[in-house]
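Okay, so here's the structure we're looking at.
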Amino acid sequence: MPIRTESELTPAVLAVMNRTRDPRLREILVAMVKHLHAFVREVRLSEAEFREATAVLNEIGQLQTDSHNEFVLMAGSLGVSSLVCLLNNGDRGQTETSQSLLGPFWRLNSPRVENGGTIIRSETPGTPLFVHAKVVDRDGKPIAGAEVDVWHASPVGLYENQDPDQAEMNLRGKLTTNEEGRFWFRTVKMVGYPIPVDGVVGRLLKAQGRHPYRPAHLHALIFKRGYKTLISQVFDPSDPNIDSDVQFGVTAALTGNFVRHEQPHPSDADVAGPWFSLDYTYVMEPGEAVLPRPPIK
């Protein structure tokens with residue numbers, strides 16, 4: 001029957017959504033329509049505002065490039081990425097987790113690095129950082145043979161795909177855990193950095209009076225058959241923005257201990273000091289080992 005008033009619209013749409021064959025897709029679509037319609041009613045969205053909103057969504061899609069993902073950036077800036085992560089890990093949000101958001105800068109096919117090697121591939125001034133990490137299951141047993149992608153921003157706050165002065169795949173590498181579940185490598189200490197603000201997300205932050213900074217962190221993606229792929233970030237608690245991450249990604253479990261040393265490094269003769277060390281344990285959960293779709297090429 002033809003719809004006569006706004007109160008008749010939502011039931012009519014829900015009736016159509018309920019015909020969806022796939023049960024999970026039906027559940028999602030029904031909930032989405034309920035919440036979207038309730039949102040429009042709550043804020044009494046005007047026609048002009050609706051046109052502006054659709055234009056913004058179109059703009060977000062148009063900003064997608066091989067080196068930038070505005071949708072991922074927006075999802076993080078609204079806390080959606082972190083919420084999805086926390087709901088789906090740590091016994092479905094009941095306990096702490098090593099899992100974190102992927103972020104917009106992971107790339108496939110990072111170069112292989114042997115344990116003890118370096119992920120520095122071009123001149124990168126900065127304080128040396130030596131990372132020693134362990135990968136374990138929920139019972140604390142080491143996981144051997146796990147592939148570990150690591151990546152981070154340079155001391156100038158840029159990932160190599162953003163910075164023409166860095167070599168291809170600089171500060172990126174793929175390692176493998178040994179029999180004790182350990183991997184270790186050398187790099188330079190990362191710093192916090194601003195997310196890109198020349199698009200829709202930048203306008204949002206300006207309208208809210210928010211800063212665009214992420215605290216310094218190390219990314220890792222750990223893959224092993226029989227375990228859910230672990231995507232993680234380890235944050236430096238000394239960063240001035242540790243309590244106000246623009247992407248809402250900092251949790252207690254993801255806060256590392258970056259220790260400063262003034263004396264010469266015990267095994268690397270070229271490091272006279274100062275230098276930093278990071279020791280961290282990643283915990284994997286049982287599940288399906290699936291690689292995410294890379295947000296950039």
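Using the UniProt record's numbering, the first residue of the sequence shown is number 1, and each one after it goes up by one.
Beta carbons: idealized from backbone N, C-alpha and C, even for Gly.
Of the residues Asp245, Met284, Thr187 and Thr10, the one whose Cα lies closest to the Cα of Glu123 is Thr187. Here DSSP, grouped into helix, strand and coil, assigns Ser7 to helix. Under the 10 Å beta carbon count, Met74 is surrounded by 16 or more other beta carbons and is classified as buried. In the DSSP assignment, Trp184 is bridged to His132. Here DSSP, grouped into helix, strand and coil, assigns Leu101 to coil. Contact between Val191 and Tyr282 does not hold, since the beta-carbon distance rounds to 22 Å and is not under 8 Å. The DSSP assignment places complete beta strand (DSSP E) segments of no fewer than 3 residues inside the UniProt domain "Intradiol ring-cleavage dioxygenases" (106–258) at 128–136, 147–151, 172–176, 182–188, 217–223 and 230–235, in order along the chain. Put simply, the backbone Cα of Ser154 is about 16 Å away from that of Phe185. Boundaries of the beta strand (DSSP E) harbouring Leu278: Trp275 to Val283, taken from the DSSP string.
Per DSSP, the continuous alpha helix (DSSP H) segment holding Glu49 begins and ends at Glu47 to Gln62. By a beta-carbon distance limit of 8 Å, Lys174 contacts Val148. Their separation comes to about 7 Å. Burial state of Ala167 is exposed, judged by a 10 Å Cβ sphere holding fewer than 16 other Cβ atoms.
Separation of the CB atoms of Ala220 and Val113 is rounded to 13 Å, and the pair is thereby denied contact status at 8 Å. Approximately 32 Å separates the beta-carbon atoms of Arg92 and Arg172; this is outside 8 Å, ruling out the contact. Linking Asn69 to Leu102 through their CA atoms gives a straight-line distance of about 12 Å. Annotation: the continuous alpha helix (DSSP H) that includes Arg92 extends over Gly90 to Gly93. In this structure, Asn18 and Arg26 form a Cβ contact; the two beta carbons are roughly 6 Å apart against a cut-off of 8 Å.
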